[in-house]
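Take 25 as the starting number for the sequence shown in the working numbering and just add one per residue. C-beta atoms are modelled at their ideal positions from N, C-alpha and C, and glycine is treated no differently. Quick notes on the structure that follows.
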Amino acid sequence: MTLLEGLEKRLREECPLLELRKNEPMSRHTSFRVGGPAALMALPKTREEAMDAVHIAYRQGIRPFFLGNGTNLLVSDQGYDGYVIKTTGLERLEWVDFTYSGRKLVVGGGVFLSRLANFAAEQGLTGLEWAAGIPGTVGGAVVMNAGAYGGELCQVLEKVSYLVETGDVLRMDAGACEFAYRHSIFSRLPEWMVLNVSLLPLAQEAPARIRERMAELAEQRRAKQPLEHPSAGSTFKRPPPVDGKPVYAAALIDQCGLKGLTVGGAQVSEKHAGFIINRGGATCRDILKLMEEVTRRVLAETGVELEPEVKTLGV
Ligand SMILES: Cc1cc2nc3c(=O)[nH]c(=O)nc-3n(C[C@H](O)[C@H](O)[C@H](O)COP(=O)(O)OP(=O)(O)OC[C@H]3O[C@@H](n4cnc5c(N)ncnc54)[C@H](O)[C@@H]3O)c2cc1C
Numbered sequence: 025m026t027l028l029e030g031l032e033k034r035l036r037e038e039c040p041l042l043e044l045r046k047n048e049p050m051s052r053h054t055s056f057r058v059g060g061p062a063a064l065m066a067l068p069k070t071r072e073e074a075m076d077a078v079h080i081a082y083r084q085g086i087r088p089f090f091l092g093n094g095t096n097l098l099v100s101d102q103g104y105d106g107y108v109i110k111t112t113g114l115e116r117l118e119w120v121d122f123t124y125s126g127r128k129l130v131v132g133g134g135v136f137l138s139r140l141a142n143f144a145a146e147q148g149l150t151g152l153e154w155a156a157g158i159p160g161t162v163g164g165a166v167v168m169n170a171g172a173y174g175g176e177l178c179q180v181l182e183k184v185s186y187l188v189e190t191g192d193v194l195r196m197d198a199g200a201c202e203f204a205y206r207h208s209i210f211s212r213l214p215e216w217m218v219l220n221v222s223l224l225p226l227a228q229e230a231p232a233r234i235r236e237r238m239a240e241l242a243e244q245r246r247a248k249q250p251l252e253h254p255s256a257g258s259t260f261k262r263p264p265p266v267d268g269k270p271v272y273a274a275a276l277i278d279q280c281g282l283k284g285l286t287v288g289g290a291q292v293s294e295k296h297a298g299f300i301i302n303r304g305g306a307t308c309r310d311i312l313k314l315m316e317e318v319t320r321r322v323l324a325e326t327g328v329e330l331e332p333e334v335k336t337l338g339v
């Protein structure tokens, strides 16, 4: 019996309600619509199931890969011969009363950012308008410290609850999470799973005003980004500033004349050079080759080395 077969057996015995899928195509779980099968996938729906899914795996000597909505992820065409835990069933969003610090919004790691932003807007709470158009989960956004239009998740977080290898749940203040541009302690330590977060108090504003700003930002996205094609958002990170001035990956790629550059089904978007899109039938190999070519040409022509923002699995 292989390690993974042993894990599957244990999970079925000890956690019979946990949903398990074998050879699950990852192309169904990534916004690039690319990726071969994951050998074993667990889809917990409760905190208890998530705790079992994690600690049973570590007990069997297997490190799970934590998948949110797969919107910042490129998976190998050969798939992943390992164990994936998909978090989107962890979707509780609730007010919790804390004795000393009052009422707080506590949000499951699998909640979509768009749902959180819309909930805040309904409640007349401002500070999450920027998040409405990001297609990932709260867990993925903590890992990436996702942000847009001047907002970043770390600005609204109070604490993060996370599961460690033993299956214990620990809590960390946002200040200790090493948040930086598209980085957190959870991207450095991928063995931990973000279970839920509590948010800082948000300021009150009329829901109509909040909705207006969300609609403006959605319009900006529609106008500038190739939302009609599968992608993983910005392919590369923003490079470090030069002489205090910001440098944008999309501007460098555009300046090198690389818009429209194509490898197989993968293309540098004509609409936004920062996005690589799947024009239809792209493979992971196509996307990686195109990323390499873009990186090579931008380095040769501008001296700037682009770093991928997109995470990879099985590559
Ligand atoms: C059209 C489009 C627009 C986008 N716009 C933006 C934008 O404006 N700003 C921005 O920052 N990003 C943007 N993104 C990228 C992406 O949506 C964000 O990075 C998002 O935070 C990823 O969340 P996810 O749940 O999809 O994570 P996934 O892609 O599933 O995973 C990303 C990483 O997080 C880890 N992870 C996910 N969930 C957990 C968890 N619960 N515990 C531990 N690790 C976990 C994964 O292992 C992986 O390493 C965009 C993507 C698309 C497709």
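Under DSSP, the beta-bridge partners assigned to residue 119 are 129. The straight-line gap separating the alpha-carbon atoms of residue 26 and residue 335 is approximately 27 Å. In this structure, DSSP gives residue 93 a state outside helix and strand, which the three-state scheme calls coil. Of the residues 205, 325, 308, the one whose Cα lies closest to the Cα of residue 270 is 205.
Per DSSP, reduced to three states, the secondary structure at residue 319 is helical. The Cβ atoms of residue 183 and residue 222 lie closer than 7 Å to each other. 7 Å or more divides the Cβ of residue 48 from the Cβ of residue 66. Between residue 338 and residue 85 a beta carbon distance of about 19 Å is seen, past the 8 Å cut, so the two are scored as non-contacting.
Taken in chain order, the whole beta strand (DSSP E) runs of length 3 or more contained in the region 48-77 are 61-67.
Under the DSSP definition of a beta bridge, residue 149 partners with 228. Cβ contact annotation for residue 130 (same chain, cutoff 7 Å, sequence separation greater than five): 118, 120, 220, 222, in chain order. Separation of the CB atoms of residue 161 and residue 136 is rounded to 6 Å, and the pair is thereby assigned contact status at 8 Å. If you look at residue 37, you'll find it in the alpha helix (DSSP H) that goes 27-38. For residue 131, the distance from the CB to the nearest heavy atom of ligand 1 is not below 6 Å. Between the alpha carbons of residue 114 and residue 94 lies a distance of about 15 Å. In the three-state scheme derived from DSSP, where H, G and I count as helix and E and B as strand, residue 307 is classed as coil. Contact check for residue 257 and residue 96: beta-carbon distance about 7 Å, within the 8 Å limit, so the pair qualifies.
Three or more Cβ pairs closer than 8 Å define a contact, and the region 326-333 meets that threshold against the region 246-262. Residue 218 has its Cβ nearer than 6 Å to a heavy atom of ligand 1. Note on the region 135-212: whole beta strand (DSSP E) runs with a minimum of 3 residues are 181-187, 193-197, in chain order.
Taken from the Cβ of residue 50, every heavy atom of ligand 1 lies 6 Å or farther away.
In this structure the region 223-236 lies against the region 142-156, because at least three pairs of beta carbons, one per stretch, are closer than 8 Å.
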